[in-house]
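Student: Mind looking over this structure? Questions follow.
Numbering (our numbering), first residue to last: 49 to 491.
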């Protein structure tokens with residue numbers, strides 16, 4: 049109970065620091081534990097938000113540890129900013145920095161992709177032929193976008209023929225705005241989609257829909273465009289009360305919803321999208337929808353190196369390959385020296401940067417405890433934060449846990465289901481400073 053209180057208190061302090069513009073301030077419960085000496089070999093796969101933040105914390109926590117970070121990507125991407133780029137609110141450069149900018153002394157970077165994991169032999173092989181033994185392994189490689197699952201689609205189409213795909217990276221987010229902006233100026237029919245799989249930041253397709261509709265209403269004007277949201281699910285958001293709020297907002301703004309619609313193919317020349325459909329009775333079929341602007345979010349899965357490692361769940365998400373971990377400790381259920389963090393972790397919630405912020409101290413705690421032969425004490429409760437943008441200048445600060453409970457950091461001050469300027473400010477201005485502090489292990 050004490051640890052749960054600490055995490056809740058730190059969450060409130062964390063967002064308080066954001067609102068005050070002092071995001072680099074360390075917060076209660078995320079402060080630094082006493083340094084411990086060890087010669088443990090720790091390998092972290094992935095230098096994204098999760099791997100980098102954990103590396104920065106571990107290098108201070110574990111004196112003498114051999115910490116190796118494996119990632120072949122030279123650029124670090126601030127992924128929460130992609131939705132802003134795709135709405136013309138930020139340049140692509142806003143989301144890009146160098147991987148090495150964030151790494152502390154005392155961490156060895158192997159600038160190669162991880163090619164294979166042997167959890168029995170406790171080794172990781174790299175694409176360059178190195179074999180790295182470990183005492184503890186943290187897998188944080190993010191996820192992959194399965195664009196090939198959508199017939200007729202390829203990334204070179206983004207920005208042309210009315211096609212957008214902001215998830216693909218900064219360049220494609222900017223090209224997405226090029227396509228979307230033409231729609232907002234000329235009107236027509238826009239379709240936003242989402243996949244059947246788990247996905248990073250499930251609020252992103254809603255944000256994009258809201259933003260493009262808002263911009264179109266101010267440019268081409270009402271009556272000259274249609275907005276459609278097509279999704280395989282039967283709800284608009286995984287948290288019921290939030291889903292109902294979004295449904296009401298869609299209704300007020302004339303955004304048509306098509307449930308049970310999974311994007312399967314596009315014909316760029318004809319500007320037609322084909323969906324596999326399932327109606328309320330369970331009957332299946334297909335449907336074609338013409339578009340002037342189409343936003344594509346493909347299925348999302350664990351990287352092959354994870355899916356081929358034997359670390360994935362065998363009875364859940366079998367088509368996606370998320371790592372089999374305990375949802376409270378993020379420790380592997382069959383290989384106790386392995387942890388997963390970030391997008392690749394097989395837990396019911398947690399594929400956002402805000403989730404990573406609360407996952408990292410938990411993994412640090414249990415890894416440090418394991419080195420000393422004891423059990424950790426912190427638990428991840430599924431905390432996820434989604435600054436759900438509804439208009440340029442307005443957002444809802446939606447925070448929730450594994451049980452779909454709303455867990456507002458400022459109860460009575462910031463209403464989670466109200467469209468507020470301060471919630472927009474947190475997303476558009478303060479969140480990046482907080483994210484950067486997290487990467488440094490300081491928030």
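No residue lacks a Cβ here, since even glycine has one placed at the ideal position from N, Cα and C.
(1) Taking residue 184 as the reference, which of 83, 168, 198, 195 has the closest Cα?
(2) Is residue 245 helix, strand or coil when you go by DSSP?
(3) Does the beta-carbon of residue 296 have 16 or more other beta-carbons within 10 angstroms, so that it is buried, or is it exposed?
(4) If we count the other Cβ atoms within 10 Å of its Cβ and call it buried at 16 or more, is residue 451 buried or exposed?
(5) Measure the alpha-carbon distance for residue 196 versus residue 281 and round it to whole angstroms.
(6) In whole angstroms, what separates the C-alpha of residue 328 from that of residue 373?
(7) Apply the 10 Å Cβ neighbour rule to residue 304 and answer buried if 16 or more other Cβ atoms are within range, or exposed otherwise.
(8) Answer with buried or exposed for residue 407, where buried requires no fewer than 16 other C-beta atoms within 10 angstroms of its C-beta.
(9) What do you reckon, are the CB atoms on residue 353 and residue 360 nearer than 8 Å?
(10) Just tell me which of 434, 411, 396 has its CA closest to the CA of residue 384.
(11) I'd like the span of the beta strand (DSSP E) that includes residue 333, first residue to last.
(12) Provide the residue(s) that pair with residue 446 in DSSP beta bridges, ordered along the chain.
(13) Let's test the definition: count the other Cβ atoms within 10 Å of the Cβ of residue 453 and tell me whether it reaches 16, buried, or not, exposed.
(14) Using a Cβ distance threshold of 8 Å, determine whether the stretch 187-206 contacts the stretch 387-396, with at least three qualifying pairs required.
(15) Is the stretch 89-105 in contact with the stretch 425-443, if contact means three or more CB pairs nearer than 8 Å?
(16) Under DSSP, the alpha helix (DSSP H) around residue 108 begins and ends at which residues?
(17) Let me confirm a value: residue 181 is counted as buried when at least 16 other C-beta atoms fall within 10 Å, else exposed. Which label applies?
(18) Should the stretch 455-473 be called in touch with the stretch 144-160, which here means at least 3 C-beta pairs below 8 Å?
(19) Could you compute how far the alpha carbon of residue 65 sits from the alpha carbon of residue 431?
Tutor: Considering the structure as presented:
(1) 168
(2) coil
(3) exposed
(4) exposed
(5) 21 Å
(6) 34 Å
(7) exposed
(8) buried
(9) no
(10) 411
(11) 332-338
(12) 434
(13) exposed
(14) yes
(15) no
(16) 97-109
(17) exposed
(18) no
(19) Legend: pLDDT at residue 65 = 47, less than 50; position of this residue unreliable, value from coordinates given subsequently. In a straight line, the C-alpha of residue 65 is about 18 Å away from that of residue 431.
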